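In our numbering, the protein residues as written are 87 to 164.
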């Protein structure tokens with residue numbers, strides 16, 4: 087995989103699937119290729135895994151902070 091191909095896959099994948107699912111699929115695909123002995127550059131794996139981890143952390147923190155900010159304003163009524 088070259089970086090140009092990775093950019094094209096990321097661009098179209100983000101439009102169709104969304105950023106989180108695209109990066110997760112790329113990480114799994116690159117890991118499978120590496121396990122099968124096909125040469126995948128380590129920088130690409132580090133790049134994908136770091137961005138995936140960062141996006142999941144941002145998603146988790148933003149949903150946690152959003153939930154904390156809504157709770158006092160809109161209490162849950164049973």
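Backbone N, C-alpha and C fix where the C-beta goes; we use that ideal spot for every residue, glycine too. Quantities reported herein were computed from a predicted structural model and do not represent experimental measurements.
Asked	Found
How many Å lie between residue 110 and residue 144 at the Cα?	15 Å
Could you tell me if residue 139 is buried or exposed, where buried requires 16 or more neighbouring beta carbons within 10 angstroms of its beta carbon?	exposed
Assuming residue 116 contacts residue 130 (C-beta within less than 8 Å), just tell me the rounded distance between them.	6 Å
Are the CB atoms of residue 134 and residue 119 within a distance shorter than 8 Å?	no
If we ignore side chains and look at the alpha-carbon of each, how far apart do residue 150 and residue 128 end up?	33 Å
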